[in-house]
Structures are given as C-alpha cells and as structure tokens.
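Residue numbers (my numbering): 2 to 83.
Input: a single structure, listed below in structure tokens.
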C-alpha cells in the first residue's frame, strides 16, 4: 500500500520521498526556475532613469552600479537646474 501511495498519489520514488523527508529536498514538479540575472537592473532604476529622459536602450546596456551612478548624476543635474 505504501508503494502505491508514493507512486500514484505523491508521484515520487522511495529515494525522492526520503530525500525530501530527511534533507528537505523538494521533488521536481516541473515548476519554472527563477532565472534572475546576477547583474539585472532593478526596476526602480529603469523607471527613475526613464523619467529623467534616458532612453531605455541606453539604460539596458548599464550595469546596476553604472545605472545608480547615472541616476545620481541626473538627479544632481536636476537639482542644480531648479
């Protein structure tokens, strides 16, 4: 009966079941993997730079550090003008 529950209801092998119980390894259920790039730009930087007149193509070529520096420069320029 135990084998049937594992196979038909839980849809796992005995090894996968015990790896989950003992080591906390969840069985692969086909869920999409989070594929966030290491140097992806945060959305707030993209929005802020766009609002300050930087075109999106230029923004997307920047690293997060470069985008943050550009934002600081643009905000300083804006403060000096007004």
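Quick reminder that beta carbons are idealized off the backbone N, C-alpha and C, glycines included.
This structure is a prediction, so every number in the text was calculated from the model and none was measured.
Going by beta carbon distance, what residues of the same chain come within less than 8 Å of residue 63, once the five residues before and after it are set aside? On the chain shown, residue 63 is found 62 positions in, with the first residue counted as 1. Cβ neighbours of residue 63 beyond the five flanking positions: 42 and 71.
Residues near residue 65 in its chain [Cβ-Cβ closer than 8 Å; skip 5 each side]: Start at 1 with the first residue of the chain shown, and residue 65 comes out as number 64. So the qualifying residues of the chain are 40, 41, 42, 43 and 46.
I'd like the span of the alpha helix (DSSP H) that includes residue 70, first residue to last. Within the chain shown, residue 70 is the residue found at index 69, counting from 1. Element bounds for residue 70: 65–82.
With 16 other Cβ atoms within 10 Å as the buried cut-off, status of residue 50: Counting from one through the chain shown, the residue named residue 50 turns up at place 49. Counting Cβ neighbours within 10 Å, residue 50 comes out buried, since at least 16 surround it.
What is the DSSP secondary structure of residue 34, reduced to helix, strand or coil? Start at 1 with the first residue of the chain shown, and residue 34 comes out as number 33. Coil.
Span of the alpha helix (DSSP H), counted from its first residue to its last, around residue 42: Counted from its first residue, the chain shown places residue 42 at position 41. Neither: residue 42 is in no alpha helix (DSSP H) and is coded neither H nor E.
Helix, strand or coil at residue 12 according to DSSP, with G and I counted as helix: Position 11 of the chain shown, counted from the start, is the residue given in the question as residue 12. The answer is coil: DSSP assigns residue 12 none of H, G, I, E or B.
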